[in-house]
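Have a look at the structure below, then the notes.
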Amino acid sequence: MSESILNITNLVKDYKTGFTGKKTRVLRDVSFDVRKGEVFGFVGPNGAGKTTTFKSILGFVSPTEGKIELLGKEHTNSEAKSRIGYLPENPYFYDYLTGEELLRYMGELQGLPRKVLNERTDELLRKVRMEHAKKLQMRKYSKGMLQRIGVAQALVNDPEFLILDEPMSGLDPIGRREIKDLILEEKRKGKTILLSSHMLSDVEALCDRVGIIMGGTVIKIGNIGDLLKEIHTDYEMHIEGSGEDVKQCVKDLRVEMDQRAGYIVLKFDEDMKRKVLEAVTRTPAEIVSIHPLRKSLEGLFVEEARKGNTRSEE
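Residue numbers (the working numbering): 305 to 618.
Here is the structure:
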């Protein structure tokens, strides 16, 4: 088994809320590890506990219970923390600084020698395509420009372990592609990366393993390929004929119905396949094709969210 860069064991976090100081539990026995050299995706809906987990790792908030080991040391160890790069979800920088000044400032905080810092600043500005705006005050930056400079500052100290909270937020498709390429480049250099993103297609493309957190509990961890094998296969059927006939025959079945390019299109899962086939063949309509749809991390995420909603209603 690969060496673990991060080990989280039974992490619990409670916050006191309101005038009464009532405890609200936002993390419930969270346990996972991030292995050396991998990109680990940590995903979940808004309010699930992703950012609180990141803040706990970085020592910004103290765990109520549990243990966090970082680079073989306690997560509060200053030497271990000096080997981390961090991009927060909504980065705020001193907006009177230029992008170049920010990178120099962050490098000075890390104790980088002047010559190394000069070279590193120029290199990072090129990497994130911000050379043209390096002398511009950040108050004039767009959301995408702030995100790019945020990624750059996370790399100033050439960290061993990168924690990126929504690194593609605010970027256009070209910017997303460039940041994804940068993340993969850092992985090829041997860096370990923990990232969170609502762009599940990006997580699927970038990550070796993924953890899904919902309601403060990690419900799934594993290799993406293995996790996708667990979800039901959805099918799509293309039909020629009367839409009303088809609508009537599947009205009591769990089916999505649409019209596309002159065809009636039905979408259903594995459990419905036989019933849909039997129902449609009883009509004058003609089945043109039926094929399985590609499984995706988004499909897994939605399926788990539905299970969670069902459990909460019981």
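Note that CB positions come from ideal geometry on N, CA and C, so glycine has one too.
- How close, in whole Å, do the beta carbons of residue 316 and residue 353 come, if the pair is a contact with beta carbons under 8 Å? Not quite, the Cβ-Cβ distance comes to about 11 Å (not below 8 Å), so this is no contact.
- Message: In this structure, how does DSSP classify residue 517 when only helix, strand and coil are distinguished?
- Response: strand
- Does the separation of the CB atoms of residue 576 and residue 558 fall below 8 Å? yes
- Query: Which whole-angstrom value is the C-beta distance of residue 508 and residue 528, which I expect to be below 8 Å?
  - Reply: 6 Å
- Query: Would you call the region 495–503 and the region 337–356 touching, i.e. three or more CB-CB distances under 8 Å?
  - Reply: yes
- Message: Distance check for residue 450 and residue 405, CA to CA, integer angstroms please.
- Response: 13 Å
- Message: Can you tell me where the beta strand (DSSP E) holding residue 508 begins and where it ends?
- Response: Run containing residue 508: none in the beta strand (DSSP E); it sits in the alpha helix (DSSP H), 504–510.
- Query: What runs of the beta strand (DSSP E), each 3 residues or longer, lie entirely inside the region 468–509?
  - Reply: 496–500
- Could you give the residue range of the beta strand (DSSP E) that holds residue 559? Counting along the chain, residue 559 falls outside any beta strand (DSSP E), and DSSP gives it neither H nor E.
- Query: With burial defined as no fewer than 16 other Cβ atoms inside 10 Å of the residue's Cβ, what is the status of residue 456: buried or exposed?
  - Reply: buried
- Over the uninterrupted beta strand (DSSP E) stretch that includes residue 549, give me the two end residues. From DSSP, residue 549 is part of no beta strand (DSSP E) but of the alpha helix (DSSP H) over 547–553.
- Query: Helix, strand or coil: how does DSSP classify residue 541 here?
  - Reply: strand
- Message: Given a cut-off of 8 Å on the beta-carbon distance, is the pair residue 368 and residue 337 in contact?
- Response: no
- What are the start and end residues of the beta strand (DSSP E) that includes residue 592? 590–596
- Task: Output yes or no for whether 8 Å exceeds the beta carbon distance between residue 538 and residue 579.
- Result: no
- Helix, strand or coil: how does DSSP classify residue 355 here? helix
- For residue 621, which residues from the same chain have a beta carbon less than 7 Å from its beta carbon, with the 5 sequence-adjacent residues on both sides left out? Residue 621 falls outside the range modelled here, since the chain spans only 305 to 618, and no answer is possible.
- Message: Could you tell me the alpha carbon to alpha carbon distance between residue 439 and residue 359, rounded to whole angstroms?
- Response: 31 Å
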